[in-house]
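Under the working numbering, the first residue of the sequence shown is numbered -18, with each subsequent residue one higher.
Where a beta carbon is used, it is the ideal one built from N, C-alpha and C, also for glycine.
Predicted, not measured: the structure shown is a model, and the values here were computed from it.
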Amino acid sequence: IIAKHPAQCNYLNLKGIILLHQKKPRRALACFKKSIKLSPEQPKGYIHAGVTLDIIGAENRAELLLKHAHSLKPNNITTKIRLIDINLKTGDSGEVEHYLNKLLSSATISDIMNSLNQLSGEPFVQTDRITALAGRINTELEKQTDTVSTPGTGQKGS
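Next comes the structure, spelled out in structure tokens:
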């Protein structure tokens, strides 16, 4: 399907992003839904629709779409960050830990921080949520560092 409609899918995603910048999330969501119908195997429409649903307060539906996007492209750093963020928002600590572990085992710190910086410039992204997420990632990294043995001593790091 994407081979038949790539320009239309890209157009719909771009139009939806523009509508988000214009603070019109419901109209943006309609664009992302059309993109998903045209190209259900592409994660972008699901990611954008999930973000939009989070913006309008439909966190559970947002999480489902983000999980589907993650299943389509499991190595996408931003999707994992968004899943961590939405689960922090809803208070699901088990899912937060699950996606934090996936993120930290599959991406470099530099890539994670670059993705967080990119997200902070997107429409409707709350800076305090990005800051809290960065803090949570740093805490998890400190835990992992503490469990690494100090070379030559066999002792745990401090």
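Rounded to whole angstroms, the gap between the alpha carbons of E123 and T71 is 24 Å. Looking from the CA of A39, the closest CA among K83, L10 and I118 belongs to L10. P55 is positioned such that its CB atom lies no closer than 7 Å to that of I36. Taken through DSSP and simplified to helix, strand or coil, D73 comes out as coil.
Comparing alpha carbon positions, the residue from L1, K15 and A43 closest to L(-7) is K15. Cβ neighbours of L46 within its own chain (closer than 7 Å, five residues either side excluded): Y27, A30, G31 and L34. With a cutoff of 7 Å on beta-carbon distance, I62 and A88 are scored as not near each other. In this structure, the alpha-carbon of K25 lies about 17 Å from that of R8.
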